[in-house]
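Chains A and B supply the protein sequences, listed in that same order. For reference, each letter of the first sequence is one residue, going 1 to 290 in the numbering used here. For reference, each letter of the second sequence is one residue, going 1 to 263 in the numbering used here.
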Amino acid sequence: MRRLVPILMAAMLAACGGRGDEAAIVLYDNSFSVAIIADNSDGITSPDGLLWADGVLYIADEGGSAIRKLEGAVLTTLADKSSGIISPEDLRLSADGTLYFTDDSAGGLWRVTPRGAERVAGSEGMSESEGIAVDPAGGVDVGDGASGRVFHVSENGVSEELIAARMSKPESMVRAPDGSLFVADNRTDHLYRFTAGEARREIMLPSDLSPESIALHGSTLWITDSSNGRLYRMEQDGEPETVALFLADFANINGIAAAPNGRIFISIQSDLSAGEGYIVALSPTAASKR
Amino acid sequence: MIADIDITLFEAANQIAGRSFTLDALMALAMENPLVKGGPIAACFLFAWWYRADAETLAKRRATLLLTLAALFLIAPVMKLVSSQGGLSPRPLVQSERTIVLESGALRPLSQVAYTAPETGLAAGLTRGAKGGTVAPNDLASFPSDHAALFAAFAAGIFLAMRTAGLVALGWGVFGIMLPRVATGMHWPSDMAAGALAGLAVLAAVLLAGRTVLVGPVAAVQVWAEKCPGWTQALLFLLLAEVASAMGTLQRLAELASGILGR
């Protein structure tokens with residue numbers, strides 16, 4: 001017995017060796033592969049909004065109070081807290097190449113300049129700016145989480161209410177090619193589509209879907225659900241379909257961007273206060289491209 | 001290598017699931033109903049406790065049974081500690097989907113297993129959830145099995161006290177408790193082996209203590225049990241009911257206490 005105890009204890013400890021780390025992804029669509037494209041070792045912290053444009057991934061690095069871009073494997077910081085940024089939320093590129101972003105702590109609308117970033121519109125009325133979309137007719141639309149309103153900000157920085165209807169937290173917005181505006185309300189878990197003339201149509205979602213960020217790829221709307229760690233794909237007038245489930249340290253999925261080749265980029269905030277996070281990419285496999 | 005053996009053994013055990021509603025329902029009953037799950041082993045314990053023998057044999061037997069009971073109440077916290085040290089280990093029913101885990105900063109795909117879900121019971125519900133995008137944190141922590149630790153130690157302790165009752169308890173532990181958990185996709189065979197090993201290690205430590213530092217207290221409890229058979233029987237009933245439910249009440253109380261203290 002005296003010999004048996006240490007042997008059993010040693011065997012028990014040996015059996016406790018790690019079989020994995022603390023994050024997992026369940027991929028329901030076999031036509032995608034998944035890879036980490038950036039993490040803390042690359043220089044990002046806890047990323048939120050993402051934008052893909054012309055081979056560059058723009059990142060609203062909320063944990064690091066910075067706007068960065070990832071081009072290939074090269075990460076560059078475009079603006080940081082020295083410009084007054086606190087919690088960059090989401091970002092969009094206008095037709096003239098200006099990179100605009102929102103900040104849900106500093107408020108207002110911001111743009112990246114060669115010297116960092118500057119505020120385009122003040123935080124009055126937009127104290128918690130969240131969703132952002134470029135208006136094809138000029139200017140930028142901004143959703144405010146404090147008032148629940150969506151504003152239009154012209155190039156000269158004048159803001160006016162775009163949509164009369166109030167929401168609770170217009171967290172993410174995206175323009176469709178037809179000019180209509182999708183707005184995800186993350187507080188009441190609703191998704192709306194506003195067409196010209198402000199006609200509002202609610203897109204019915206399952207009761208357990210809490211839309212965090214949305215992105216369009218063709219006619220497909222991609223939705224992250226940070227409350228449940230789910231990535232959804234939704235065809236026009238179709239039902240949302242779960243593409244992937246992010247678990248444990250990956251569960252808090254936030255921003256999303258779609259590339260023209262079908263790649264989907266997702267930001268993950270593992271621990272915002274500790275500045276930990278990842279960006280993963282879902283890429284269509286060779287078989288699915290054929 | 002070990003993972004391959006695990007998958008092969010799992011897929012073999014899973015052959016009995018999803019083929020007959022009756023068998024699935026019986027496995028669900030054995031997994032979810034405390035009386036059916038741990039009741040037979042608790043009955044073996046009481047059988048060994050009361051089965052006639054000379055005074056010396058009875059005293060030795062009851063000392064072993066008392067120490068076994070004490071060990072069982074140590075196993076739950078030990079297993080919590082043990083499972084907190086390991087990484088993610090999705091249940092087989094989760095790994096029937098394409099699962100990728102983060103290991104040392106890189107993503108590693110796990111082998112997707114061929115899995116047939118049972119038609120009814122907890123595993124059937126968890127499988128529906130996993131297919132629909134719902135996986136609870138507990139379903140990513142199957143290694144090692146708490147049930148295997150608890151009931152392997154329970155049955156082994158009875159076996160050390162009395163061979164015949166112990167054999168029945170070990171038989172039920174393997175076929176009534178461990179096999180359904182593997183067959184329905186709740187656990188891997190390695191979860192069971194590691195859990196049983198951990199439970200046996202705790203039991204061995206407590207038995208060793210019982211023969212050294214705890215000789216006095218064990219003898220005192222036995223004297224009290226002789227004097228107060230009514231109280232002894234009532235206490236044994238409560239403690240064994242708790243063990244049979246795999247410490248369900250204590251876990252609930254711990255959650256409540258943690259909730260109250262955390263407010």
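Note that CB positions come from ideal geometry on N, CA and C, so glycine has one too. The structure presented is a predicted model; accordingly, all values stated were derived computationally and were not measured.
Chain A contact for residue i (CB, 9 angstroms cutoff)
i	result
V101 (chain B)	yes
E32 (chain B)	no
E119 (chain B)	no
V94 (chain B)	yes
L214 (chain B)	no
L107 (chain B)	yes
G87 (chain B)	yes
Cβ neighbour criterion (16 or more within 10 Å) applied to residue i
i	result
Q236 (chain A)	exposed
L91 (chain A)	buried
V94 (chain B)	buried
S83 (chain A)	buried
G202 (chain A)	Here the sequence assigns Glu to residue 202 (chain A), which means Gly is not the residue at that position. E202 (chain A) comes out exposed.
E118 (chain A)	exposed
Q269 (chain A)	buried
N30 (chain A)	exposed
D6 (chain B)	buried
W188 (chain B)	buried
E62 (chain A)	buried
W231 (chain B)	exposed
R263 (chain B)	exposed
N228 (chain A)	buried
E54 (chain A)	It should be noted that the sequence gives Asp, not Glu, for residue 54 (chain A). By the neighbour-count rule (16 or more Cβ atoms within 10 Å), D54 (chain A) is not buried but exposed.
T64 (chain B)	buried
V168 (chain B)	buried
S41 (chain A)	exposed
R115 (chain A)	exposed
Neighbouring residues, chain B, relative to residue i (Cβ below 7 angstroms)
i	result
L245 (chain A)	G133 and V135
R233 (chain A)	Going along chain B, no residue has its Cβ under 7 angstroms from R233 (chain A), so there is no contact; the nearest lies around 12 angstroms.
R230 (chain A)	G133
Under 7 angstroms by beta carbon: chain A residues contacting residue i
i	result
R128 (chain B)	Per Cβ cutoff of 7 angstroms: no residues; R128 (chain B) is ~13 angstroms from chain A at best.
E140 (chain B)	Rather than Glu, the amino acid found at residue 140 (chain B) in this sequence is Leu. Those within 7 angstroms of L140 (chain B) in chain A are A24, L247 and A248.
G157 (chain B)	Near G157 (chain B) there are no residues of chain A at all, since even the closest Cβ is about 13 angstroms away, more than 7 angstroms.
Proximity test, Cβ basis, 9 angstroms: residue i and chain B
i	result
L27 (chain A)	yes
A23 (chain A)	yes
I36 (chain A)	yes
F194 (chain A)	no
D39 (chain A)	yes
V74 (chain A)	no
V280 (chain A)	yes
A15 (chain A)	Summary for A15 (chain A): the model assigns pLDDT 47, below 50, so the residue's position carries little reliability; its value from the coordinates is reported in the next sentence. Yes, A15 (chain A) lies at the interface with chain B (some Cβ there is under 9 angstroms from its Cβ).
Proximity winner among the options, relative to residue i (alpha-carbon distances)
i	options	result
K37 (chain B)	B:F151, B:L256 and B:Q222	B:F151
A136 (chain B)	B:F143, B:L110, B:L126 and B:P144	B:L126
L110 (chain B)	B:T134, B:S89, B:P118 and B:G121	B:S89
L131 (chain B)	B:L58, B:I16, B:P229 and B:E97	Looking at the sequence itself, residue 131 (chain B) is Lys, so the reference to Leu does not match. Of the listed residues, the one whose Cα sits closest to K131 (chain B) is B:E97.
S267 (chain A)	A:E241, A:S273 and A:L231	A:L231
A28 (chain B)	B:E119, B:P40, B:D54 and B:Q85	B:E119
R61 (chain B)	B:R211, B:A17 and B:E242	B:R211
S168 (chain A)	A:E128, A:N261 and A:G107	A:E128
L240 (chain B)	B:L261, B:A194 and B:I158	B:I158
W172 (chain B)	B:A153, B:T22, B:M247 and B:L58	B:A153
V56 (chain A)	A:G139, A:E71, A:G116 and A:D42	A:E71
G138 (chain A)	A:S94, A:F194, A:T77 and A:E276	A:S94
L208 (chain B)	B:A70, B:L26, B:W50 and B:V221	B:A70
M178 (chain B)	B:A3, B:F10 and B:D4	B:F10
I16 (chain B)	B:G86, B:M31, B:A117 and B:L72	B:A117
Chain A residues whose Cβ lies nearer than 8 angstroms to that of residue i
i	result
R98 (chain B)	V26, L27, Y28 and N30
G125 (chain B)	Under the 8 angstroms cutoff, chain A gives no residues; its nearest Cβ is about 15 angstroms from G125 (chain B).
Contact list for residue i against chain B, beta-carbon separation under 8 angstroms
i	result
T242 (chain A)	G132 and G133
D178 (chain A)	Within chain B, no residue comes near D178 (chain A); the closest Cβ sits about 30 angstroms away, beyond 8 angstroms.
Proximal residues of chain A, C-beta to C-beta of residue i below 9 angstroms
i	result
P90 (chain B)	G20, A24, V26 and L247
Practice item. Any chance you could list the alpha helix (DSSP H) runs of at least 4 consecutive residues sitting entirely within the segment 140–193 of chain B, in chain order? Key: 146–161, 163–172 and 179–183
Exercise for review: Could you name each continuous alpha helix (DSSP H) segment of 4 residues or more that falls completely within the segment 22–72 of chain B, going from the start of the chain to the end?
Suggested key: 34–37 and 39–50
Check your understanding: Where in the segment 202–229 of chain B do unbroken runs of the alpha helix (DSSP H), each at least 4 residues long, occur, reported from the N-terminal end onward?
Key -> 215–227
**Study point:** Uninterrupted beta strand (DSSP E) stretches inside the segment 162–219 of chain A (no shorter than 3 residues)
**Key:** 170–175, 181–185, 190–194, 200–203 and 213–217
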